[in-house]
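From first to last, the protein sequence lines stand for chains A and B.
Numbering that gives the first Met the number 0 puts the first residue of the first sequence at 0, with every later residue one more than the last.
Numbering that gives the first Met the number 0 puts the first residue of the second sequence at 0, with every later residue one more than the last.
Cβ atoms here follow ideal geometry from the backbone N, Cα and C, with glycine treated the same way.
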Amino acid sequence: MSNQDDITPSNEAELADQGLGHAPDALGDQGYSAAGEVTLIKARRTFLENVWRGLKSAPPTAIFGLTVITIYIFFALFAPLLAPHGEAEIFDLSYAPWGEEYMFGTDQLGRDILSRLIYGARNTVGIAFVTTLFAFIIGGGLGITAAINNNGWLDNLLSRSVDVLMAIPSLIFALILLSMFGANTLNLIIIIAILDSTRVFRIARAVSLNVVVMDYVEAARLRGEKLFWILYREILPNIMPPLVAEFGLRFCFVFLTIAALSFLGVGIQPPTADWGSMVRETAGLIQFAEYDLTAAMTPMLPAAAIALLTVAVNFVVDWFLHKSSGLKD
Amino acid sequence: MSNETKGHKGDILLEMKDIVIDGYSDDRWHEIVKGVDITLRRGEVMGLIGESGAGKSTLGLAAMGFARPGCRLTSGSIMFDGIDLMKASAEERRALRGSRIAYVAQSAAASFNPAHQLIEQTVESTVRKGIKPEEEAKSDARKLYRDLQLPNPDHIGDRYPHQVSGGQLQRVMTAMAMSPRPDLIIFDEPTTALDVTTQVEVLASMRRIVEQYNTAAIYITHDLAVVAQMADVIKVLRYGETIEDADTRSMLSDPKKEYTKSLWSVRSIEKPEDESEDVILKVDHVDASYTGSAKVLDDITIEVPRGHTVAIVGESGSGKSTAARAITGLLPPSKGQILFNGKALPPTLKERGVDQLQKIQMIYQMADTAMNPRHTVRDIIGRPLEFYLGLRGRERDQRLLELVEMIELDESFIDRLPAELSGGQKQRICIARALAADPELIICDEVTSALDQIVQKGILELLLRLQKELNLTYIFITHDIATVKAISDQIVVMLEGRVVEQGMKSEILAPPYPDYTKLLLSSVPEMDPDWLTGLLEEREREGSTTA
């Protein structure tokens, strides 16, 4: 509350008045002056300053979430440097116990679990991120277009098609499509992106509808602007906060879907390391809990990696939504 | 007639001393109200007047011991009939509201629950606070409806909010406030959203009922002419401070402060009218409708002379904005055509070429929603320069600066966002955006009606100057007769989608008037505390002679 430089009064003389105050010369002997009207001007800050201000006021849950996400990104980027062994390097010893050589043991083929966990960050998170991005480009673009064309034939065509796609349970639909087209990474990304874009379409259309009716969109149309300009310059900047929040949530769902598909064997294919399939491959170890607790923990590690990231992203999204909705405590 | 338990007229009812209220924005607290005193006696009506942002609504709510979310009552004392509202618990304050203090909000339509009948809502707090049993309260409500001259007072209460008009709803809300027979009613801009013709009726019934029950009231508005009809004393606020305090008559006849005089400044602009034969735009027997059913425009013919201003006046729903939409191509006419410079314009926006779009520009009523909140002034004004004129880089920035200076702002505004501009500055940027296209015709849709008087004056003077310098033609849509007088050469009066009357300003604004024009003109409040009384008497006389 005490930051004096937060606000720059439009008039130097008002510094003492702190922000909203008199403009004694807006109306005086010289008469009225438009430039002298009092307004509240936000201090000019760079992007980094804004980020820092945001972080300072972030709740502990959001700090926790951001920290976790940063660590994941770090591991994903530097996986080859951080992992003690190769991603698909096979050693003589399968199902090795936890220990010095293999920190979390090895799997059924003798691959180092720790290394695969680290590479898994790159694969699972990376693929989920790319998929979500595609889902947003497709769903967001079409959603805003539908909103601009509100209740026209294009809007109806798109909206009804989305209804049809959403009527089919998405996991089952994804399984069918993956069996049809073959389970490789590219197909996985395309199929999940299209299926998830339906949800993005819905939200993008809904939030755009509130913006499309604004006079500035009408003004752009009167100017003769083309669809792309209206979509990208007039509407998109005004619906970013809900879309960014949705991106976080969508990412979690995509990430879980991919893990689930991998667990079922149609997701990311071996030898690519992936948390979902790692859970499946080592799931059998869980029954040895009474003999070797650490071995039984092995399938828990990739599962925990999935869970932790999901929780972390949700914390951050919650904070962001709260901030962007302008709610005050 | 007055209630004997309510004390004597002239006793002090509400005393607010040195009130300071803070508001929270951009991460810090700012003073919104800076030490204002209010003393209100029983049966007295006080007008609080000021521009937007003067703190008048905040102060009105503070009289109930209430601060909006994001605001806080920082210091001062509020004594209401011996109760210190600053020290009273939330419980005690709540007990007062809706029983001894009532509030009438600006937008009646937004304040009623659409799912309940009007009479249920009228008596709700009276019954819940145990002031009267339900049946008694309801029969009293019907009596209040009658006092407020609502049509069909015995049954109007059975309707739902969407079944009555805006003016009626505002009166029902007054009845709701009156139902518990409060000591104090706070009216917060109760007629601002109404048409002038409706406003007169609502003002008359509010004034009558406040007098009849000897209730004290605080009447908040930005329109001095309105408050002159209602209030015994007037307090002028600006930036959260008192500018001037006086009883109504002396305030109007002899305002002490420069600022107070500026509150009726639009009325001081005079524009000599000027005839011309050179027609730039002709709307030729145009019909239009939104869904193919009822005609919103019915055989409209309007001629607009080059370099002059045509004002289109009428109440909401008269089709004046629709006429603008037909001209711009947003709503293709179902019949007739629109000629621009002698050539027919294609009916729809899509069929019009960029050069046709460029020549007709539009300025909107709400500058807030007419500018993209995420674009800076540079983007907003720069875009038409790029789009129509193909200016880039230095050339563009050069022209941008010229335009900003043309609207009497300076370089420092170029990198601001709309949220960092005041209402008048926003509207100026919108004018600059229209000018950037290098247009011949500008359609101004109620461009000043959301602005404070002094700012309105500035904008109108700017528009007049630009017209002279650039030989611009304006179509000026408005419901405010003072604005029409200030800016127009010709006037078109519209009612229910038809043109009732059109001609030169001097012809239209001089008798003899057709009935509707007369009603419209006579309903505009004047700066005379006796205006409403006089008007009502005159209308009654005429009513009795024709009956």
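By a beta-carbon distance limit of 8 Å, SER178/A contacts VAL265/A. Their separation comes to about 7 Å. For ARG44/A, no CB of chain B lies under 8 Å from its own CB, so it is not counted at the interface with that chain. Fully enclosed beta strand (DSSP E) runs of no fewer than 3 residues occupy 183-187 of the stretch 177-213 of chain B, in order along the chain.
The beta-carbon separation of ILE486/B and LEU463/B, rounded to 6 Å, stays under the 8 Å limit for a contact. Using a CB distance cut-off of 8 Å, ASN49/A does not count as an interface residue toward chain B. GLU90/B carries a helical assignment under DSSP once its states are collapsed to helix, strand and coil. If you draw a straight line from the Cα of PHE79/B to the Cα of GLU14/B, it comes to about 6 Å.
Using a Cβ-Cβ cut-off of 8 Å, ASP154/A does not count as an interface residue toward chain B, since no Cβ of chain B sits closer than that to its own. Residue state for THR281/A is assigned as helix, using DSSP reduced to three classes. Taking a C-beta distance under 8 Å as the contact criterion, LEU531/B and LEU47/B do not qualify as a contact pair. Going by DSSP, THR38/B is part of the beta strand (DSSP E) stretching over 27-40.
Residue-level contact check: GLU99/A does not touch chain B, since none of the beta carbons of chain B fall below 8 Å from its beta carbon.
Of the residues LEU384/B, LEU147/B and ALA140/B, the one whose Cα lies closest to the Cα of GLY156/B is ALA140/B.
Rounded to whole angstroms, the separation of the alpha carbons of ILE430/B and LYS484/B is 21 Å. For ALA218/A, no beta strand (DSSP E) encloses it; the enclosing alpha helix (DSSP H) starts and ends at 214-222. In the three-state scheme derived from DSSP, where H, G and I count as helix and E and B as strand, VAL285/B is classed as strand. Look at the stretch 360-441 of chain B and you find these whole runs of alpha helix (DSSP H), each 4 residues long or longer: 366-369, 376-388, 392-405 and 422-435. For the 8 Å CB-CB criterion, LEU388/B and ASP451/B do not form a contact.
With respect to the C-alpha of ARG427/B, the residue from MET405/B, GLU445/B and ASP444/B having the closest C-alpha is MET405/B. DSSP places GLU500/B in the strand class (E or B) of the three-state scheme. Within the same chain, and ignoring the five residues on either side of GLN397/B in sequence, no residue has its Cβ closer than 8 Å to its Cβ. The way I'd put it, the stretch 209-220 of chain B does touch the stretch 30-42 of chain B; three or more beta-carbon pairs between them come closer than 8 Å.
DSSP lists VAL19/B as the beta-bridge partner residues of SER74/B. Annotated three-state conformation of LYS484/B is helix, per DSSP. Between THR327/B and chain A, the shortest Cβ-Cβ separation is below 8 Å. Along the stretch 132-158 of chain B, none of the residues has a CB nearer than 8 Å to a CB of chain A. Taken through DSSP and simplified to helix, strand or coil, ARG110/A comes out as strand. In this structure, GLY318/B sits away from VAL285/B, with a CB-CB distance that is not shorter than 8 Å. Here ASN122/A is not near ILE305/A, since their CB atoms are 8 Å or more apart. PRO236/A has a beta carbon lying within less than 8 Å of a beta carbon in chain B. Annotation: the stretch 236-312 of chain B contains the following complete segments of the beta strand (DSSP E) (minimum length 3 residues), in chain order: 240-246, 278-287, 296-304 and 308-312. Where LEU338/B is concerned, the enclosing beta strand (DSSP E) starts and stops at 334-339. Contact annotation for LEU221/A against chain B: THR327, GLY328, LEU329, LEU348, LEU356, ILE359, GLN360 and MET361 [CB-CB distance below 9 Å, chain order]. Judged by DSSP secondary structure, ALA127/A falls within the alpha helix (DSSP H) whose first and last residues are 125-147. For ILE219/B, the secondary structure class from DSSP, reduced to helix, strand or coil, is strand.
A distance below 8 Å between beta-carbons, with the five flanking residues on each side excluded, links ASP83/B to the following residues of its chain, in chain order: SER76 and ILE77.
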